[in-house]
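These protein sequence lines are chains A and B, in that order. All residue numbers for the first sequence refer to our numbering, where the first residue is 465 and numbers rise by one. All residue numbers for the second sequence refer to our numbering, where the first residue is 1098 and numbers rise by one. Glycine included, every Cβ here is placed at the ideal spot set by N, Cα and C. Written below as structure tokens is the structure these notes are about.
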Amino acid sequence: MTGTVEAHGIGGQADLPIPLELAVSGAVAALVLSFTVLIVAWRKPRYDGGGHPGRPAWHVLDTITGSPAFHVALRVLGIVLALYTIMVAVAGQETLTNPFFGIFYVWWWVGLVFASALFGPVWRAISPVRTLSAGVAKLAGSDPDSGLFTYPARLGHWPAALGLFSFVWLELAYKYPTELGSVRFWCAVYLAAMLVGGALFGNRFFENADPFEVYSSLIAKLSPWARVDGRLVVRSPLAGLSTVDPRPGLVAVVAVLFGSTAFDSFRESTFWVKTYQEASISKVWLDNAALLTFCLTAGVLFTVACLLTPSTAGTPHRELPRRYAHSIVPIILGYILAHYLTLFVDVGTQTLARASDPFGKGWDMLGTASVEPSYWFSYHPSVLATIKVLAVVLGHIAAAVAAHDRALSLLPKRDQLTGQLPLLVVMVGFTAGGLFLLFNA
Amino acid sequence: MQRHRAGAVLAGLALIAGLSACGDDSGAKDGDKGDPVTIDITFKDGSVTPNGDRIDVKVGQPIDLVVTADEPGEIHMHTDPEQELAYDAGTKTFKVEVDRPGVVVVESHALDKTIVSLKVEP
């Protein structure tokens, strides 16, 4: 029955839930370490203001990654991946064995995040929409950086937040997330929106509004690499994080990313399954309402916590949420790792095998047709559970430190400790909630 | 100051690692896979019971899915690869087991319902 369109996503067997004692100790550790950070950490901003620009990287690496050939090679790689994806999207079969689904939901959505955390802003470097747009600009003899109009600063990351929401909506709240036509349509709209935006506003559009570039570049701030004044440097993830540009819409981006991943955990819980199966309203409506509620709750809780924080005269109060929003990024990365690690390893491997035989004709284009996932993590559930909890707790610590560092430059002197409490409480809530969902999966 | 911070972080992480080390992955020994678990599944008038219940089993433990139905159909077990179990009207018993730890969902695609989810422990 490989021809049937199934109403659930890809990936068969799911992870065992994490044990209760591990979830509780993770939450307690997050709580204790948060206050430890608050009390024993530095009293003057350490990363804010560029105090830690990083150390120059190995000279050879700097030369290679800075060379035009390297840039062209990455662009070519991006175009090849895009052409292959378009090929399987257009000519591939309507079955889950079509590698298109794994490429879309696992390589692109999850793989890009891990790659960005390790190597830096990957999507910016390989983005086929940037390459196409640059090609068009070259033909027209115009400057690819500035399009016909100036990108409105007030719009900021809002279009990216909308784009990211539309992706998670397709994956988690649409009735047929693994129907070839639907996913293909989503990709076509993405491509069209990016090319029009790029023509109108130039490259400014991609760094503000391309959902994948915004996501990738945000996570890339946690990578050890950066290019500062044209030089490749190695720096602390915390130093990278402090350089996130607090544009409008940044809070919406982090709220969608955190809220949707939390909903993805929640929707497989026995509680939710029983709820929608007993309800008189259809599952699709309940999923839509719940996905929106998770994202909005994340955004509203965070915004309220920031607004309860005092500020110095220099910063308008309403700008506080986006000034602190960078601190949620490590929580997102930790939770994404916990939630998607096995999906990425197992289904990612499976996709590699399917990509070698994209049309189910017994081909072996890439020589990977016979690779099979080993499901190593399934057979070592304690190791897996420990990795998950460590990822969530480490993400939480990094978040608490980043928020503390930012608070020192935003809070009035007299409120330097108590002023941080609302945000700390919300962060502990996010982390404990995430652990609860991993326990209750 | 720096050392304090690092110490606090390490202490917290050690706490987690220590707690997780209490668990073990050794799993059930051969011949100790437990008695068969019987799960009664009833299809009647276009609905199915149970309704998404969680059931704990062990790797390799025999599971009897006893399907009583008023019309033919099939249930799907979401292992990798997926298994389809077809039945006719009447009662039929499927003897299954799961050999990899995790959560396996048993569904009726025709009704678009999760019947049970099996929590398969090592």
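Residue i versus residue j - alpha carbon distance
i, j, result
"VAL552 (chain A)", "PRO822 (chain A)", "7 Å"
"LYS1141 (chain B)", "VAL737 (chain A)", "20 Å"
"ALA663 (chain A)", "HIS621 (chain A)", "18 Å"
"SER580 (chain A)", "GLY1170 (chain B)", "46 Å"
"LEU433 (chain A)", "VAL708 (chain A)", "Residue 433 (chain A) is absent from the structure shown; chain A starts at 465 and stops at 905."
"ASP1122 (chain B)", "PRO585 (chain A)", "Bear in mind that a pLDDT of 47 at ASP1122 (chain B), under 50, signals an unreliable position, so the model cannot answer this."
"ARG870 (chain A)", "LEU686 (chain A)", "16 Å"
"THR882 (chain A)", "ALA863 (chain A)", "17 Å"
"ILE1138 (chain B)", "HIS1175 (chain B)", "16 Å"
"LEU765 (chain A)", "VAL889 (chain A)", "10 Å"
"LEU502 (chain A)", "ALA494 (chain A)", "12 Å"
"LEU755 (chain A)", "VAL632 (chain A)", "9 Å"
"GLY898 (chain A)", "ILE590 (chain A)", "32 Å"
"GLY1120 (chain B)", "LEU902 (chain A)", "Confidence is the limiting factor: at GLY1120 (chain B) the pLDDT is only 44, short of 50, which leaves the residue's position unreliable and the question unanswerable from this model."
"PRO837 (chain A)", "ILE683 (chain A)", "27 Å"
"LEU484 (chain A)", "SER846 (chain A)", "12 Å"
"VAL593 (chain A)", "ALA617 (chain A)", "21 Å"
"VAL536 (chain A)", "GLY763 (chain A)", "39 Å"
"ALA487 (chain A)", "PRO701 (chain A)", "26 Å"
"GLY490 (chain A)", "LYS602 (chain A)", "53 Å"
"PRO1219 (chain B)", "VAL697 (chain A)", "46 Å"
"MET1098 (chain B)", "THR813 (chain A)", "Confidence is the limiting factor: at MET1098 (chain B) the pLDDT is only 42, short of 50, which leaves the residue's position unreliable, though a coordinate-based value still follows. Distance between the alpha carbons of MET1098 (chain B) and THR813 (chain A) is about 45 Å."
"SER681 (chain A)", "ALA555 (chain A)", "32 Å"
"ARG507 (chain A)", "LEU619 (chain A)", "35 Å"
"ALA833 (chain A)", "PRO710 (chain A)", "45 Å"
"PRO1159 (chain B)", "THR1190 (chain B)", "12 Å"
"GLU671 (chain A)", "ALA657 (chain A)", "14 Å"
"VAL692 (chain A)", "HIS523 (chain A)", "14 Å"
CB contact flag (residue i, residue j, <7 Å)
i, j, result
"GLU677 (chain A)", "ARG786 (chain A)", "no"
"VAL1203 (chain B)", "ILE1172 (chain B)", "yes"
"GLY627 (chain A)", "GLY666 (chain A)", "no"
"PRO520 (chain A)", "THR815 (chain A)", "no"
"THR895 (chain A)", "HIS868 (chain A)", "no"
"VAL1213 (chain B)", "PRO1147 (chain B)", "yes"
"PRO886 (chain A)", "LEU772 (chain A)", "yes"
"THR725 (chain A)", "ILE800 (chain A)", "yes"
"VAL835 (chain A)", "ALA817 (chain A)", "yes"
"LEU480 (chain A)", "PRO1198 (chain B)", "yes"
"ILE482 (chain A)", "LYS747 (chain A)", "no"
"ASP1153 (chain B)", "LYS1192 (chain B)", "no"
"ASP1161 (chain B)", "PRO1133 (chain B)", "yes"
"THR779 (chain A)", "LEU874 (chain A)", "yes"
Cutoff 7 Å; reference residue i; Cβ partners in own chain excluding five residues on either side
i, result
"SER733 (chain A)", "ASN904, ALA905"
"THR595 (chain A)", "ARG539, GLY542, ILE543"
"ALA703 (chain A)", "TYR511, HIS516, GLY518"
"ALA625 (chain A)", "GLY713, ALA716, VAL717, VAL720"
"PHE534 (chain A)", "ILE528"
"PHE900 (chain A)", "ALA487"
"CYS651 (chain A)", "ALA553"
"PHE499 (chain A)", "none"
"LEU750 (chain A)", "TYR740, ALA743"
"GLN557 (chain A)", "PHE823, GLY824"
Sequence-distant residues of its chain with Cβ nearer than 6 Å to residue i (five each side left out)
i, result
"ALA598 (chain A)", "PRO608"
"SER646 (chain A)", "TYR640"
"CYS770 (chain A)", "LEU784, PRO785, TYR788"
"LEU848 (chain A)", "PHE841"
"TRP689 (chain A)", "GLY584"
"VAL857 (chain A)", "GLY490, ALA493, ALA494"
"GLY1128 (chain B)", "Below a pLDDT of 50, predicted positions are generally treated as unreliable, and GLY1128 (chain B), at 47, falls in that range; no measurement from the model is reported."
Sheet register partners of residue i (DSSP bridge)
i, result
"TRP689 (chain A)", "A:VAL698"
"THR1190 (chain B)", "B:VAL1163"
"ALA855 (chain A)", "Note: ALA855 (chain A) sits in no beta bridge, so no partner."
"PRO1218 (chain B)", "Looking at the sequence itself, residue 1218 (chain B) is Glu, so the reference to Pro does not match. Its beta-bridge partners are B:LYS1155."
"PRO520 (chain A)", "A:VAL697"
"TYR654 (chain A)", "Its beta-bridge partners do not exist; DSSP assigns none."
"ASP1137 (chain B)", "B:VAL1163"
"ASP1150 (chain B)", "B:VAL1213"
"GLU1204 (chain B)", "B:HIS1173, B:THR1211"
"GLN1180 (chain B)", "B:MET1174"
"ALA478 (chain A)", "B:VAL1200"
"SER498 (chain A)", "DSSP, once it has assigned bridges, lists no residue as partnering SER498 (chain A)."
"SER1144 (chain B)", "B:LYS1141"
Min CB distance residue i to chain C below 7 Å
i, result
"SER700 (chain A)", "No chain C is part of this structure, whose protein chains are labelled A and B."
Sequence-distant residues of the same chain with beta carbon closer than 8 Å to residue i, five excluded per side
i, result
"VAL1145 (chain B)", "ILE1138, THR1139, SER1205, LEU1208, LYS1210, ILE1212"
"LYS1126 (chain B)", "Residue confidence is low: LYS1126 (chain B) scores 43 on pLDDT, short of 50, so the model does not pin down where it sits. Its coordinate-derived value is still stated next. Within the same chain, LYS1126 (chain B) has no close Cβ partners at all."
"PHE758 (chain A)", "GLY723, SER724, ALA726, PHE727, PHE730"
"THR614 (chain A)", "PHE665, ARG668"
> Considering only residues of the stretch 532-615 of chain A, which uninterrupted alpha helix (DSSP H) runs meet the minimum length of 4 residues and lie entirely inside it, listed in chain order?
Replying inline: Complete alpha helix (DSSP H) runs here, min 4: 532-555, 563-566, 576-583, 586-590, 592-604.
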